[in-house]
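Novice: First to last, the sequence lines map onto chains A and B.
Under our numbering, the letters of the first sequence match residues 1 to 287, in that order.
Under our numbering, the letters of the second sequence match residues 288 to 554, in that order.
Glycine included, every Cβ here is placed at the ideal spot set by N, Cα and C.
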Amino acid sequence: MSATKPVNQRAWWFVLPVLVSVAFSALVPLMTIVNYSVQDILGPDQAVFVGMEWYKEILRDPDLHGALYRQLIFTAAVLAIEIPLGITLALAIPERGWRASLTLVLLAMPLLIPWNVVGTIWQIFARGDIGLLGYVLTQLGVDYNYSQHPTDAWVTVLVMDVWHWTPLVALLSYAALRAIPEPFYQAARIDGASRWAVFRYIELPKMRGVLTIALLLRLMDSFMIYTEPFVLTGGGPGTATTFLSQYLTQKAVGQFDLGPAAAFSLVYFLIILLLCFVLYNFMKDPQ
Amino acid sequence: MRRKHSWLVLAVYLLFTLAPIYWMLHMSLRSNLAITSTFAWIPESLSLANYATIFTDPAWYGGYVNSIIYVVLNTILSVAVALPAAYAFSRYSFIGDKHLFFWLLTNRMTPPAVFLLPFFQLYTAIGLMDTHLAVALAHMVFNVPLAVWILEGFMSAVPREIDETAYIDGYSFPRFFVRLFLPLIKAGIGVTAFFCFMFSWVELLLARTLTSVDAKPIAATMTRTVSAAGMDWGTLAAAGVLTIVPGALVIYFVRHYIAKGFAMGRV
């Protein structure tokens, strides 16, 4: 988005279909949630305006602080592993030929499995008695049991997420790498640039746009992770894998308190928004 | 220009990727009793009974049909509305463009749990509950922003001189856009379609909330396998294996587009 583009307000007509289609399904639910969050809903036709009461209650909730803390660590770990690993894989995928096709199809497979199935498969796959991963670890003498040990459960959810989503980063990075014209590499060869220099000064800057998308997607999606850990561990053992969405659902469904749950949702949404905004501006700014 | 040992990294990672998928395939060929009682490196029997269940029970294969209908509908709608918008973002500046671009993305950031209720109310109010269109429209909330963003990147790689030359040559805008411009960003459209397809295909919570019988997706059908008699692991694994197939076909068709990347950048 360079500043040299011509100003043309009629471009809004081009954006209108997107605006209408997204706003239709996004703004109405958002406003409904805002509405719920400031009321105490007593019955189908009975609600009392309570102002900021639910927000105060939510922000003081120690369990929420715990879930937020676990969430931040989990998301940081996800980004720290998946982004470098994804780039490494993208650099290793063959440039063309049947090997490239095969690699792309195999690599994309985890992305295509519905999220509840991902959790279910890992539930068996990681079992010490009947699952491949658990069985191998147990045979190697590792005391591994994801349904009993909190650390094992947390690591299993993390490894599952790496397995599930690193291919997304790899595919996006691969598409960006293929877009770099050959003359850039030729020039680097003539200059005698090292492999690292080529990566640092040619490939990485050219991947900035795509990496911004990849980082933001992984940030927001891992921050909202729900289905996979719900199926795999149910948030346990204890609260080891109770991330924010899990805790929100427990609050919303378990206690059926719509007001606080709505306030929680909005605070949650604003946290993701803030994190993405900071990251977006950090990535946009050329250093 | 690549490291000699990079194929090793890739091979090890592919093993890691394929291990759980192998296990799913492995489970899909065994009986529930065998799955839950004994460990075996390779299935002791090659029973296709679990697959037979899926292909003969309308509740199962109907789920696939429903999913494919709304996913294809969603992909077409998302790419169609995103194309002109991405063009506007890549070619012009207008009031609020940068804010709008980020706002679009914020629509992916709403935690689903509580938002499901107003979605349910909204689609009930407009009489679209339990239709494929409802799911397709709801999934546009997270697919359209992504589509705009990916397409904008591909379009910005096309030099603006191409647009200007076309106008000088007497092309009208629609004719230029469809005849000249779209073929140039085929790669981007392919990649975008794949991502729209994928995110819509694997989403469960919204799809389940907005459907009950007529448009029930395969992912929701799978939750049926939890019953009083325990989990029906074998059938679930077989259904899981089959969920990979449509997406794998899509990526097989767009692989050239990804691989060719922005070949037109060299024109």
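Whole alpha helix (DSSP H) runs in the stretch 440-468 of chain B with 4 or more residues, listed along the chain?
Specialist: Counting whole runs of 4 or more residues, the stretch 440-468 of chain B contains the alpha helix (DSSP H) stretches 447-455.
Novice: Between Gly-527 (chain B) and chain A, is the shortest Cβ-Cβ distance under 8 Å, so that the two count as touching?
Specialist: The count along the second sequence starts at 1 and reaches residue 527 (chain B) at position 240. Closer than 8 Å: yes.
Novice: Once DSSP output is grouped into helix, strand and coil, what is the label at Gln-39 (chain A)?
Specialist: The sequence position of residue 39 (chain A) within the first sequence is 39, counting from 1. Strand.
Novice: List the endpoints of the continuous beta strand (DSSP E) containing Ala-47 (chain A).
Specialist: In the first sequence, residue 47 (chain A) corresponds to position 47, counting from 1. Per DSSP, Ala-47 (chain A) belongs to the beta strand (DSSP E) from 46-49.
Novice: Please report how far the alpha carbon of Ile-455 (chain B) lies from the alpha carbon of Glu-448 (chain B), in whole angstroms.
Specialist: Position 168 of the second sequence holds residue 455 (chain B). Position 161 of the second sequence holds residue 448 (chain B). Their backbone Cα atoms lie some 10 Å apart in a straight line.
Novice: Near Trp-163 (chain A), what residues of its chain come up, given a Cβ to Cβ distance below 7 Å and the 5 sequence neighbours on each side ignored?
Specialist: Numbered from 1 along the first sequence, position 163 holds the residue referred to as residue 163 (chain A). So the qualifying residues of the chain are Pro-110.
Novice: Exposed or buried, which one is Asn-353 (chain B) when buried takes at least 16 other CB atoms within 10 Å?
Specialist: The residue given as residue 353 (chain B) occupies position 66 in the second sequence. Classification of Asn-353 (chain B): buried, given that the 10 Å Cβ count is 16 or more.
Novice: If you reduce the DSSP assignment to three classes, tell me which class Met-52 (chain A) lands in.
Specialist: If you number the first sequence from 1, residue 52 (chain A) lands on position 52. Note: Met-52 (chain A) maps to coil in three-state DSSP.
Novice: Give me, in chain order, the residues of the same chain whose beta-carbon lies closer than 6 Å to that of Ala-453 (chain B); leave out the 5 immediate sequence neighbours on both sides.
Specialist: By 1-based counting over the second sequence, the position of residue 453 (chain B) is 166. Here the set comprises Phe-463, Leu-467.
Novice: Can you say whether Arg-208 (chain A) is buried or exposed, counting buried as having 16 or more other CB atoms within 10 angstroms of its CB?
Specialist: Walking along the first sequence from the start, residue 208 (chain A) turns up at place 208. The residue in question, Arg-208 (chain A), is exposed, as its Cβ has fewer than 16 Cβ neighbours within 10 Å.
Novice: Relative to the C-alpha of Tyr-539 (chain B), which residue among A:Ala-262, A:Ser-101, A:Leu-42 is closest?
Specialist: Residue 539 (chain B) sits at position 252 when you count from the first residue of the second sequence. Ranking A:Ala-262, A:Ser-101, A:Leu-42 by Cα distance to Tyr-539 (chain B) puts A:Ser-101 first.
Novice: Less than 8 Å between the CB atoms is what I'm expecting for Trp-347 (chain B) and Ala-524 (chain B), so what's the real figure, rounded?
Specialist: For this step, residue 347 (chain B) is matched to residue 60 along the second sequence. For this step, residue 524 (chain B) is matched to residue 237 along the second sequence. 13 Å between Cβ atoms; not a contact.
Novice: Is there a C-beta anywhere in chain B that falls below 8 Å from the one on Leu-274 (chain A)?
Specialist: Sequence index remark: in the first sequence, residue 274 (chain A) carries index 274 (1-based). It does not; no Cβ of chain B falls within 8 Å.
Novice: With which residues is Val-7 (chain A) paired in a DSSP beta bridge?
Specialist: As a working note, residue 7 (chain A) is residue 7 in the first sequence. Per DSSP, B:Ser-380.
Novice: Return yes when the Cβ of Gly-119 (chain A) is within less than 8 Å of the Cβ of Val-231 (chain A), no when it is not.
Specialist: Residue 231 (chain A) sits at position 231 when you count from the first residue of the first sequence. Residue 119 (chain A) sits at position 119 when you count from the first residue of the first sequence. Yes. Within cutoff.
Novice: Please report the residue range of the alpha helix (DSSP H) in which Ser-265 (chain A) lies.
Specialist: On the first sequence, residue 265 (chain A) is found 265 positions in, with the first residue counted as 1. Run containing Ser-265 (chain A): 258-284, per the alpha helix (DSSP H) assignment.
Novice: For Phe-481 (chain B), count neighbouring C-beta atoms within 10 Å of its own C-beta (all shown protein chains included) and say buried if the count is 16 or more, exposed if not.
Specialist: Numbered from 1 along the second sequence, position 194 holds the residue referred to as residue 481 (chain B). Phe-481 (chain B) comes out buried.
Novice: What whole-angstrom Cβ distance do Leu-529 (chain B) and Pro-114 (chain A) have, given they're in contact under 8 Å?
Specialist: In the second sequence, residue 529 (chain B) corresponds to position 242, counting from 1. In the first sequence, residue 114 (chain A) corresponds to position 114, counting from 1. With 8 Å as the limit, Leu-529 (chain B) and Pro-114 (chain A) do not qualify as a contact, their Cβ atoms being about 11 Å apart.
Novice: What number of angstroms, rounded off, separates the C-alpha of Val-38 (chain A) from the C-alpha of Ile-356 (chain B)?
Specialist: For this step, residue 38 (chain A) is matched to residue 38 along the first sequence. For this step, residue 356 (chain B) is matched to residue 69 along the second sequence. Straight-line Cα distance between these residues: approximately 39 Å.
Novice: Any contact between the stretch 174-181 of chain A and the stretch 197-214 of chain A? By contact I mean 3 or more CB pairs, one from each, below 8 Å.
Specialist: Yes, the stretch 174-181 of chain A touches the stretch 197-214 of chain A.
Novice: Closer than 9 Å by beta-carbon distance: list the chain A residues that pair up with Tyr-286 (chain B), in chain order.
Specialist: Nothing can be reported for residue 286 (chain B): it is not among the residues displayed for chain B, which extend from 288 to 554.
Novice: Assuming Ile-472 (chain B) is part of the alpha helix (DSSP H), what are its boundary residues?
Specialist: Here residue 472 (chain B) corresponds to residue number 185 of the second sequence, with the count starting at 1. Ile-472 (chain B) -> no alpha helix (DSSP H), and no H or E assigned at all.
Novice: Quick one: which chain A residues come within Cβ less than 9 Å of Asn-319 (chain B)?
Specialist: Against the second sequence, residue 319 (chain B) aligns to sequence position 32. None at all; the shortest Cβ gap to chain A is about 11 Å.
Novice: Assign Met-109 (chain A) to one of three DSSP states: helix, strand, or coil.
Specialist: By 1-based counting over the first sequence, the position of residue 109 (chain A) is 109. Three-state DSSP puts Met-109 (chain A) in a helix.
Novice: Sorry if obvious, but does the Cβ on Ile-113 (chain A) come closer than 7 Å to a heavy atom of the ligand SAM?
Specialist: The ligand SAM is absent from the structure shown, which contains no ligands of any kind.
Novice: Using beta carbons (cut-off 8 Å, strictly below), is Met-52 (chain A) in contact with chain B?
Specialist: Within the first sequence, numbered from 1, the residue matching residue 52 (chain A) stands at position 52. So no, Met-52 (chain A) is outside the interface.
Novice: For Pro-270 (chain B), count neighbouring Cβ atoms within 10 angstroms of its own Cβ and tell me buried if that reaches 16, exposed if not.
Specialist: In the structure as shown, chain B starts at 288 and stops at 554, and residue 270 (chain B) therefore has no counterpart that could be examined.
Novice: Any C-beta of chain B sitting closer than 8 Å to the C-beta of Trp-163 (chain A)?
Specialist: Within the first sequence, the letter at position 163 stands for residue 163 (chain A). Output row for Trp-163 (chain A): interface = yes.
Novice: Ala-506 (chain B) versus chain A: which residues are under 8 Å apart at the beta carbon?
Specialist: Within the second sequence, the letter at position 219 stands for residue 506 (chain B). Per Cβ cutoff of 8 Å: Pro-114, Trp-115, Asn-116, Val-117.
Novice: In whole angstroms, give me the CA-to-CA distance for Asp-161 (chain A) and Leu-79 (chain A).
Specialist: Stepping through the first sequence from its first residue, residue 161 (chain A) is reached at position 161. Stepping through the first sequence from its first residue, residue 79 (chain A) is reached at position 79. Going from the Cα of Asp-161 (chain A) to the Cα of Leu-79 (chain A) covers about 10 Å.
Novice: Strictly below 7 Å CB to CB, what residues from chain B border Tyr-144 (chain A)?
Specialist: Taking the first residue of the first sequence as position 1, residue 144 (chain A) is located at position 144. The premise fails here: Tyr-144 (chain A) is roughly 14 Å from chain B at the closest Cβ pair, so nothing lies under 7 Å.
Novice: Name the chain B residues whose beta carbon is nearer than 7 Å to that of Lys-5 (chain A)?
Specialist: Counting from 1 along the first sequence, the entry for residue 5 (chain A) is found at position 5. Within 7 Å Cβ-Cβ: Arg-378, Tyr-379, Ser-380.
Novice: Select from the stretch 294-305 of chain B all residues with a C-beta closer than 7 Å to any C-beta belonging to chain A, and list them in chain order.
Specialist: The residues in question are Trp-294, Val-296, Leu-297, Tyr-300, Leu-301, Phe-303, Thr-304, Leu-305.
Novice: Could you name the residues of the same chain whose beta carbon sits closer than 7 Å to that of Ile-81 (chain A), not counting the 5 residues immediately before and after it, in chain order?
Specialist: Your numbering for residue 81 (chain A) matches position 81 in the first sequence. Contacts found: Val-162.
Novice: Which residue from A:Phe-282, A:Phe-264, A:Tyr-280, A:Asn-145 puts its Cα closest to that of Ile-58 (chain A)?
Specialist: Taking the first sequence and counting its residues from 1, the one referred to as residue 58 (chain A) is at position 58. Of the candidates A:Phe-282, A:Phe-264, A:Tyr-280, A:Asn-145, the one whose C-alpha sits nearest the C-alpha of Ile-58 (chain A) is A:Phe-264.
Novice: Taking the alpha-carbon of Tyr-379 (chain B) as reference, which of A:Met-224, A:Asn-281, A:Trp-54, A:Asn-8 has the nearest alpha-carbon?
Specialist: Counting from one through the second sequence, the residue named residue 379 (chain B) turns up at place 92. Per the Cα distances, A:Asn-8.
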